[in-house]
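S.K.: Mind looking over this structure? Questions follow.
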Amino acid sequence: MNTNLDMLALAKSRLGENYIHVVVPKNNPNWHNAWDCAEFTSWLAYQMTETLYGCVNNHNHPASADAYSGAWERDAKEQVLIPSTLEEAFTTAGVFLVRKPPLSGKMGHVAMSDGQGGTVEAAGKQSGVMHGKVEGRLWHYYAKLPALIYLAGQPGTVNSALPLLLQLTNPLTTSPLVGQVQQALKHAGFDPGPVDNTYGPMTIAAVAAFQEANNLVSDGIIGPLTLQKLGLN
1 MNTNLDMLAL
11 AKSRLGENYI
21 HVVVPKNNPN
31 WHNAWDCAEF
41 TSWLAYQMTE
51 TLYGCVNNHN
61 HPASADAYSG
71 AWERDAKEQV
81 LIPSTLEEAF
91 TTAGVFLVRK
101 PPLSGKMGHV
111 AMSDGQGGTV
121 EAAGKQSGVM
131 HGKVEGRLWH
141 YYAKLPALIY
151 LAGQPGTVNS
161 ALPLLLQLTN
171 PLTTSPLVGQ
181 VQQALKHAGF
191 DPGPVDNTYG
201 PMTIAAVAAF
211 QEANNLVSDG
221 IIGPLTLQKL
231 GLN
């Protein structure tokens, strides 16, 4: 049976490859150079376990099953996957980190931990498959594969504090910063709807489009990188 370290080695073998939105044949071990975050992680999972995870329909043929961050959220939420924690993801390789989509049909994000406080992930068109960080980022779920042996990493300390983030909340977030974001989006040519200081669905759609156009993770969440691209501190 494969281990989490086998999966990490496979993930690292694709570092530097391209980020392209295509359906990846999960049963092709020789696939290269066209990944998005969910397709990459679902391909890794299938290569290790011969089971589909994180696909819109996990019962489809592995060559045509469409991976999606929202399906990773579903599998984590329904415990098709084994629940994990931020602390385990920080020190153990092969834990999947899932950021749920902000709205139906939008993109979230999925990454895999490297056991040393980092990730291997298909991060966007500009970055491709790259090393990232576990901490300081928003993750809604941490999960492991049921049919994989996990070798525990060394204990460590993780900082769970997050930077300022604007995301969909209930009730909706209202602040002057949201108004600044809306104005900046308008200036950049992405209409957020009324400039009303409220972070709602129309603003999120404009943020996601802006992120896509600027080679950022298109998740509709405003964090430090998106603020910087918008020219805001």
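In full-length UniProt numbering, the protein residues as written are 1 to 233.
Note that beta-carbon positions come from the ideal geometry of N, C-alpha and C, so glycine has one too.
Taking one C-beta from the region 199-219 and one from the region 164-171 each time, how about it: are there three or more such pairs within less than 8 Å?
M.R.: Touching, yes, given that three or more Cβ pairs across the two stretches are closer than 8 Å.
S.K.: Can you confirm whether the region 66-74 touches the region 27-42 when touching is taken to mean that 3 or more C-beta pairs between the two stretches lie within less than 8 Å?
M.R.: The region 27-42 vs the region 66-74: in contact.
S.K.: Given that a residue counts as buried once 16 or more other Cβ atoms are within 10 Å of its Cβ, and exposed if not, what is Gln126?
M.R.: So Gln126 ends up on the exposed side.
S.K.: Give me the DSSP bridge partner(s) of Glu50.
M.R.: According to DSSP, Glu50 bridges with nothing at all.
S.K.: By the DSSP assignment, the beta strand (DSSP E) with His109 in it spans what residues?
M.R.: His109 to Asp114 is the extent of the beta strand (DSSP E) around His109.
S.K.: Which class does Glu179 belong to by DSSP, given the choice of helix, strand or coil?
M.R.: Reading off the sequence shown, one finds Gly at residue 179, where the question assumed Glu. The answer is helix: DSSP assigns Gly179 an H, G or I state.
S.K.: Could you give the uninterrupted runs of the beta strand (DSSP E) lying entirely in the region 88-138, keeping only those of 3 residues or more?
M.R.: For the region 88-138, whole beta strand (DSSP E) runs of length 3 or above, ordered along the chain, are 93-99, 109-114, 118-122 and 129-133.
S.K.: Could you check which residue in Asn2, Met1, Ala9 and Asn28 has the C-alpha nearest to that of Asp114?
M.R.: Closest option to Asp114, Cα to Cα, is Ala9.
S.K.: Less than 8 Å between C-beta atoms, sequence neighbours within five positions excluded: which residues of the same chain meet that for Leu225?
M.R.: Excluding sequence neighbours, Leu225 sits near Leu216.
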